[in-house]
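Enquirer: In terms of the working numbering, the first sequence opens at residue 270 and continues consecutively.
Cβ coordinates follow ideal geometry from the N, Cα and C atoms, glycine included.
Quick one: the structure is below, questions incoming.
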Amino acid sequence: MPELPEVEVVKQSLEKKILNLIIKKVKFNDINLRYRLNKGGFSKIIGKKFKKIKRRSKFLIFEIERNIYMLVHLGMTGKFFFIDKKNIKYKTSFYYTINQKKDQKHDRVIFLFKNNQKLIYNDVRKFGFIKLYNRSEFEKNFHLKKLGPEPLERDFNFRYLKEYFFKRNRSIKNILMDQNCIAGLGNIYVNEILFLSKIKPSRKVVSLNDIEIEKIIKNTKRILNKSIKSGGSSIKDFSSDNGKKGLFQQHFKVYGRKGKKCSNVDCNNNITKSSISNRATYYCNQCQK
DNA sequence: AGGCATGTTACAGG
DNA sequence: ACCTGTAACATGCC
């Protein structure tokens, strides 16, 4: 579910809720996430506080007192809920509508604070993970080691991408999804970026000219910023109890639109679905060259 | 019932 | 070393 914009939105909303609350207890309903949780290890965060939350790529980094770091990846379906003193449950981003009953089943880890508020890590498919590190372990951990630049930072620019593409015989879609090239993009946004840039996903990067590379950079920054502003959009609203349709479809110009009319007003072609690097790939055969 | 799903990683083979 | 494809992880939805 979550690509860079969604993770950024989660970070921002958690910052407003959990910083400086004293952790009283951690409860484990299921320790078998992508990596098995070491329950005992969590005893060292009892009595401490979350001091800071950072995002790198799709990872969340929680800084806890005394040089303890908690690294979280949401995988495909990870999400956080916050429960306040009146037992009101808050989603930590607008894309998810709360459905009490369904949700609870997938509450995997619960952080209970001293003032009786709670932070819940919920994950249907359990591809996400939570790992605790001390500072030196954290600095050595392999997850963040090889990541490419953040797409919204200055070092993701024409020079960098042109150089990275040089002599690489891979498709543009494959390379944009490679976290070592650019950190934080996923399948949905890469489909969208290539549609906006009018580039066919199967094009080899060596065949891209300078203007096309510039377009990719501009559109990447534009779509990620727009999505963060609107609260993260790459998600289905998979609650069914309020009868509202998800915001999912209306935000995307190609993703999930197989057989539907191309979003460009002057085009009558239908969107094609294929598979690149084993991932669903949508494009307009007319508009994307 | 079978296929598909927003992510990451390991491995086999070219 | 680089590249590709496949599978695996666990669960739910259509």
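What first and last residue would you give for the alpha helix (DSSP H) that runs through F521?
Expert: What you label residue 521 is simply residue 252 of the first sequence in a count that begins at 1. Run containing F521: none; DSSP gives neither H nor E here.
Enquirer: Would you check if the distance between the CB atom of Y458 and the CB atom of E272 is smaller than 7 angstroms?
Expert: One-based indexing of the first sequence puts residue 458 at position 189. One-based indexing of the first sequence puts residue 272 at position 3. Yes, they are a contact pair.
Enquirer: Alpha carbon to alpha carbon, how far is K414 from N449?
Expert: What you label residue 414 is simply residue 145 of the first sequence in a count that begins at 1. What you label residue 449 is simply residue 180 of the first sequence in a count that begins at 1. Going from the Cα of K414 to the Cα of N449 covers about 9 angstroms.
Enquirer: Kindly indicate which three-state DSSP category S440 falls into: helix, strand or coil?
Expert: Within the first sequence, numbered from 1, the residue matching residue 440 stands at position 171. In the structure shown, S440 sits in a strand (DSSP, three-state: E or B).
Enquirer: Excluding the 5 residues preceding and the 5 following F398 in the sequence, name in chain order all residues of the same chain whose CB lies nearer than 6 angstroms to its CB.
Expert: Taking the first sequence and counting its residues from 1, one reaches residue 398 at position 129. Result list for F398: L302, R303, Y304, H342, in chain order.
Enquirer: Whose C-alpha, out of V534, S546, N537, Y552, is nearest the C-alpha of G525?
Expert: Along the first sequence, one-based indexing puts residue 525 at 256. Per the Cα distances, Y552.
Enquirer: Which partner residues of E332 appear in the DSSP bridge assignment?
Expert: Counted from its first residue, the first sequence places residue 332 at position 63. In DSSP, E332 forms a bridge with K321, Y338.
Enquirer: By the 10 Å Cβ neighbour count, where 16 or more other Cβ atoms means buried, how is S509 classified, buried or exposed?
Expert: Here residue 509 refers to the residue found at position 240 of the first sequence. Note that S509 scores a pLDDT of 31, beneath 50, so its modelled location is shaky and nothing firm can be said.
Enquirer: Curious, which full-length alpha helix (DSSP H) runs of at least 4 residues does the segment 406 to 486 contain?
Expert: Runs of the alpha helix (DSSP H) inside the segment 406 to 486: 411 to 414, 427 to 434, 441 to 445, 456 to 465.
Enquirer: I'd like to know if the segment 463 to 476 and the segment 436 to 445 are in contact, where contact means that at least 3 CB-CB pairs between them fall below 8 angstroms.
Expert: The answer is yes - the segment 436 to 445 touches the segment 463 to 476, with three or more Cβ pairs under 8 angstroms.
Enquirer: Which of the three DSSP states, helix, strand or coil, is assigned to R305?
Expert: Locating residue 305 in the first sequence gives position 36, where the first residue counts as 1. Three-state result, R305: strand.
Enquirer: Do the CB positions of I292 and K317 come within less than 7 angstroms of each other?
Expert: The residue you call residue 292 lines up with position 23 of the first sequence. The residue you call residue 317 lines up with position 48 of the first sequence. Yes, the pair counts as a contact, with Cβ atoms nearer than the cut-off.
Enquirer: Within a Cβ cutoff of 8 angstroms, which residues of the same chain sit near E481, ignoring the five residues on either side of it in sequence?
Expert: Here residue 481 refers to the residue found at position 212 of the first sequence. S466, I468.
Enquirer: Assess, as a yes-or-no matter, whether the segment 401 to 417 is touched by the segment 313 to 327 under the definition of 3 or more beta carbon pairs within less than 8 angstroms.
Expert: Because the criterion of three Cβ pairs below 8 angstroms is met, the segment 313 to 327 and the segment 401 to 417 touch.
Enquirer: Return helix, strand or coil for Q290, following the three-state DSSP convention.
Expert: Taking the first residue of the first sequence as 1, we reach residue 290 at position 21. According to the sequence displayed, residue 290 carries Leu and not Gln. Note: L290 maps to coil in three-state DSSP.
Enquirer: For M339, count the other beta carbons within 10 Å of its own beta carbon; 16 or more makes it buried, fewer makes it exposed. Which is it?
Expert: Locating residue 339 in the first sequence gives position 70, counting from the first residue. Classification of M339: buried, given that the 10 Å Cβ count is 16 or more.
Enquirer: In whole angstroms, give me the CA-to-CA distance for K360 and L416.
Expert: Locating residue 360 in the first sequence gives position 91, where the first residue counts as 1. Locating residue 416 in the first sequence gives position 147, where the first residue counts as 1. Rounded to whole angstroms, K360 to L416 spans 29 angstroms at the Cα level.
Enquirer: Mapping DSSP to helix, strand and coil, what is K327?
Expert: For the purposes of this step, residue 327 is taken as residue 58 along the first sequence, with counting starting at 1. Correct three-state label for K327: coil.
Enquirer: DSSP three-state label for N488, please.
Expert: The count along the first sequence starts at 1 and reaches residue 488 at position 219. If DSSP states are grouped into helix, strand and coil, N488 belongs with the helices.
Enquirer: For the segment 346 to 354 against the segment 415 to 433, are there 3 or more C-beta pairs whose distance is under 8 angstroms?
Expert: No, they do not touch.
Enquirer: Can you give me the start and stop residues for the beta strand (DSSP E) that D376 sits inside?
Expert: Locating residue 376 in the first sequence gives position 107, where the first residue counts as 1. 376 to 382 is the span of the beta strand (DSSP E), which, as asked, contains D376.
Enquirer: Does the distance from the C-beta atom of K522 to that of I540 stay below 7 angstroms?
Expert: Within the first sequence, numbered from 1, the residue matching residue 522 stands at position 253. Within the first sequence, numbered from 1, the residue matching residue 540 stands at position 271. No, Cβ-Cβ distance for K522 and I540 is not below 7 angstroms.
Enquirer: For D376 versus I389, is the C-beta distance shorter than 7 angstroms?
Expert: In the first sequence, counting from the first residue as 1, residue 376 sits at position 107. In the first sequence, counting from the first residue as 1, residue 389 sits at position 120. Result yes, Cβ atoms of D376 and I389 sit closer than 7 angstroms.
Enquirer: Taking C-alpha atoms, which residue in V534, E483, N494, E408 lies nearest to N336?
Expert: In the first sequence, residue 336 corresponds to position 67, counting from 1. Nearest C-alpha to N336: E408.
Enquirer: Kindly indicate which three-state DSSP category V276 falls into: helix, strand or coil?
Expert: What you label residue 276 is simply residue 7 of the first sequence in a count that begins at 1. DSSP places V276 in helix when its eight states are reduced to three.
Enquirer: What separation, rounded to the nearest whole angstrom, lies between the Cα atoms of Q373 and K383?
Expert: Taking the first residue of the first sequence as position 1, residue 373 is located at position 104. Taking the first residue of the first sequence as position 1, residue 383 is located at position 114. The straight-line gap from Cα to Cα measures roughly 22 angstroms.
Enquirer: Express the C-alpha separation of K529 and Q518 in angstroms, rounding to a whole number.
Expert: As a working note, residue 518 is residue 249 in the first sequence. As a working note, residue 529 is residue 260 in the first sequence. Low confidence applies to Q518: its pLDDT is 46, below 50, so where it sits in the model is not reliable enough to give any reading.
Enquirer: At what residues does the alpha helix (DSSP H) containing K372 begin and finish?
Expert: Looking up residue 372 in the first sequence gives position 103. Position check: residue 372 holds Asp in this sequence, whereas Lys was assumed. Residues 369 to 373.
Enquirer: DSSP three-state call for S544: helix, strand or coil?
Expert: Numbered from its first residue, the first sequence carries residue 544 at position 275. Three-state DSSP puts S544 in a strand.
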